[in-house]
Every structure is written in structure tokens, then in C-alpha cells.
Amino acid sequence: MIEAPEPTPPADRGDSLSAALTGRRSVRAFSNAPVPRSVVERAILAAGWAPSPHNSQPWRFVVIESAARRRALADAMATDWERQLRFDGQDEATVQIRLQKGKERLTQPPVVVVACLYLADLDDYPDAGRQEAEVTMAIQSLGSAVQNLLLSVYASGFDAGWMCAPLFCPDIVRQSLGLDPTLIPHAMIPIGKAARDPVRKPRRPLEELIADWQ
Ligand SMILES: Cc1cc2nc3c(=O)[nH]c(=O)nc-3n(C[C@H](O)[C@H](O)[C@H](O)COP(=O)(O)O)c2cc1C
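In terms of my numbering, the sequence shown opens at residue 15 and continues consecutively.
If you want it as C-alpha cells, here you go:
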């Protein structure tokens with residue numbers, strides 16, 4: 015039985031697929047080190063190599079480098095998030111701390127990429143069941159595109175995270191960034207250099223991962 019890899023920092027980055035797969039971590043705090051444009055472009059190209067149903071490539075990426083844009087987006091999203099936190103019955107101090115941290119996650123990293131679902135090139139089916147499956151496949155493939163992006167960023171010597179917040183307020187994100195209505199924001203990916211070594215979360219061993227082998 016192959017043991018689950020130890021959650022320790024890898025010796026290298028990107029020298030091998032395995033190093034990238036096991037070394038990448040979700041980073042939530044960034045230094046102010048700049049990110050070269052080429053790193054972002056390479057990562058988006060890597061995302062584009064992900065598999066997708068009949069190669070529909072149902073993804074588009076929006077790069078937000080402007081600090082003013084990121085601040086405006088953070089403010090717009092915070093308004094909606096505040097409403098949700100109050101609805102959940104969170105106390106005032108918790109609401110304020112969470113809003114502040116949420117804003118920092120967009121304003122601290124030098125670049126944020128918004129991964130959007132793009133459904134215009136999907137196949138059309140006459141029945142709802144198959145159409146729904148087509149959309150599910152598109153969402154699955156967007157996930158694989160984001161993973162490619164994260165691995166590429168990591169292999170380039172930078173770090174990234176994954177924020178699902180746009181899923182809960184796609185219209186606000188679209189409006190704040192002036193996006194085309196065909197783009198459905200699904201994830202925000204902050205990119206930069208980790209402010210500190212990120213937490214390395216352990217993974218399940220192989221015998222737990224394989225539910226059955228017949
Ligand atoms: C679909 C998806 C949504 C996620 N959303 C968030 C998020 O909103 N905020 C966050 O801090 N991490 C988010 N993550 C990152 C996970 O928390 C992280 O991948 C997991 O804890 C494992 O840690 P690792 O990526 O460092 O190995 C998300 C990951 C996925 C795949």
C-alpha cells in the first residue's frame with residue numbers, strides 16, 4: 015500500500031509533477047512581492063489545457079491587477095457578505111473581523127484572477143436532464159482548469175489560493191468588474207508570494223481514498 019505523502023514543504027517546485035502536486039498549498043496571506051505578467055499568462059495558458067466536454071473550454075479568466083479595482087470589488091462583495099453574516103446571526107465583533115479579513119484577501123495579493131464559467135459553447139439538448147449534465151460537466155472542467163492554474167503558479171515559484179465567494183454573489187462581481195453577462199464568476203484566485211509557509215494539511219491514506227477495487 016502506498017503511504018499518503020507527508021505534509022512537509024517540498025525541496026523543489028515544479029521540477030516534477032509530483033513535487034507540484036504535493037507541494038502546492040492554498041495560500042491566504044501574501045507579501046507585497048510583485049507577480050510578473052508572464053507568470054499569470056503562463057498559468058492561464060495552463061488552465062486552458064484542462065480537459066473539457068467535447069473540448070468546449072467553458073472557462074474565461076478575468077485578471078484584476080489594479081489595486082483600485084480590487085478595493086472596489088472587495089467593498090462591493092463585503093456589502094452582500096455583511097448581509098449574509100447578519101442573517102446567520104453572527105455577533106457584531108465577528109462580523110467586523112470577518113469582513114475585514116475578507117477584504118484583505120482581495121486587496122493584499124498583487125493579482126487576483128476570477129475564474130468564470132462560460133456556457134456559450136456547450137452542446138444544446140432538447141431535454142433538461144442532458145442539459146443539466148452538460149452544465150455539470152462544464153463546472154467539473156472549470157475545476158480542473160483552476161487546478162492547472164494553481165499548479166502552474168506554484169511551479170513558477172509563486173503561490174495562490176481559491177476563494178469560492180463569487181458563487182454567492184455573481185451579479186455583484188459581474189457588476190463591479192463590468193463583466194459580460196455570459197461570464198459566471200465561480201472562483202477568485204489570489205496570486206503572489208506567500209507571506210509565510212502555509213499550513214500543510216494532511217491527506218487521507220490510499221486505503222481510505224479507494225472506496226472499492228473490484
Ligand atoms: C471549490 C473550492 C472552493 C474553495 N473555497 C475556499 C474559500 O472560499 N476560502 C478558502 O480559504 N479556501 C477555499 N478553498 C481551499 C480549500 O480550503 C483547500 O484547498 C483545502 O483546505 C485543502 O488545503 P490545500 O489546498 O492547502 O491543500 C476552496 C477549494 C475548493 C476546491
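Positions of the beta carbon are idealized from the N, C-alpha and C atoms, including for glycine.
This one's a predicted model, so the numbers in the text were calculated from it and none came from an experiment.
**Study point:** Test item, CB below 5 angstroms from any non-hydrogen atom of ligand 1
**Key:** R39, S40, W176, M177, C178, K215
Exercise for review: Go ahead and pull the three-state DSSP assignment for L131.
Suggested key: Taking the first residue of the sequence shown as position 1, residue 131 is located at position 117. L131 falls in the strand class under three-state DSSP.
**Study point:** Minimum C-alpha distance to R97 - residue among L87, A86, G37, V109
**Key:** Mapped onto the sequence shown, residue 97 falls at position 83. It is V109 whose Cα lies nearest to the Cα of R97.
**Study point:** Beta-ladder partner(s) of M151, from DSSP
**Key:** Here residue 151 refers to the residue found at position 137 when the sequence shown is read from its first residue. Answer is none; M151 lacks a bridge partner.
Review point. So who's on the other strand from A73, going by DSSP bridges?
Key: The residue you call residue 73 lines up with position 59 of the sequence shown. A small correction: the amino acid at residue 73 is Trp; Ala does not occupy that position in the sequence shown. For W73, which the question treats as bridged, DSSP gives the partners L131.
Point to revise | V127 versus L163, S40, Q114, residue with shortest Cα-Cα distance | key: Stepping through the sequence shown from its first residue, residue 127 is reached at position 113. Looking at the Cα atoms, L163 is the closest of the given residues.
Exercise for review: Use the C-beta contact count for G206: other C-beta atoms within 10 angstroms, 16 or more gives buried, fewer gives exposed.
Suggested key: In the sequence shown, residue 206 corresponds to position 192, counting from 1. Under this definition G206 is a buried residue.
Review point. For the alpha helix (DSSP H) that contains I111, what are its first and last residues?
Key: As a working mapping, residue 111 is identified with position 97 in the sequence shown. 106-121 is the extent of the alpha helix (DSSP H) around I111.
Practice item. Could you have a look at A81 and say whether DSSP puts it in helix, strand or coil? Key: Sequence index remark: in the sequence shown, residue 81 carries index 67 (1-based). Note: A81 maps to helix in three-state DSSP.
Check your understanding: By the 10 Å Cβ neighbour count, where 16 or more other Cβ atoms means buried, how is Y168 classified, buried or exposed?
Key -> Counting from one through the sequence shown, the residue named residue 168 turns up at place 154. By the neighbour-count rule (16 or more Cβ atoms within 10 Å), Y168 is buried.
**Study point:** Neighbourhood of L35 by C-beta, 6 angstroms cutoff - its chain only, sequence neighbours within 5 removed
**Key:** Within the sequence shown, numbered from 1, the residue matching residue 35 stands at position 21. Once the five neighbours on either side are set aside, L35 has no close Cβ partner at all.
Check your understanding: Where does I224 fall in DSSP's three states?
Key -> Along the sequence shown, one-based indexing puts residue 224 at 210. Correct three-state label for I224: coil.
Exercise for review: Grab me the residues of P184's own chain with a C-beta within less than 7 angstroms of its C-beta, minus the 5 sequence neighbours each way, in chain order.
Suggested key: In the sequence shown, the residue the question calls residue 184 occupies position 170. If we look at P184 and ignore the five residues flanking it on each side, its Cβ neighbours are I198, P199.
Review point. According to the Cβ coordinates, are P72 and L181 closer than 8 angstroms?
Key: What you label residue 72 is simply residue 58 of the sequence shown in a count that begins at 1. What you label residue 181 is simply residue 167 of the sequence shown in a count that begins at 1. No, the Cβ-Cβ distance between P72 and L181 is not below 8 angstroms.
**Study point:** Reference D135; option with closest CA among S66, R51, L223, E221
**Key:** The residue given as residue 135 occupies position 121 in the sequence shown. Among S66, R51, L223, E221, the Cα nearest to that of D135 is on S66.
Check your understanding: Starting from P34 and walking both ways along the alpha helix (DSSP H), at which residues does that stretch end?
Key -> Taking the first residue of the sequence shown as position 1, residue 34 is located at position 20. Looking at the sequence itself, residue 34 is Ala, so the reference to Pro does not match. Looking at the DSSP string, the run of the alpha helix (DSSP H) that includes A34 is 31-37.
Review point. Do you know whose CA, among P124, V54, I78, E55, lies nearest L193's CA?
Key: Translated into the one-based positions of the sequence shown, residue 193 becomes position 179. Out of P124, V54, I78, E55, I78 has the C-alpha closest to the C-alpha of L193.
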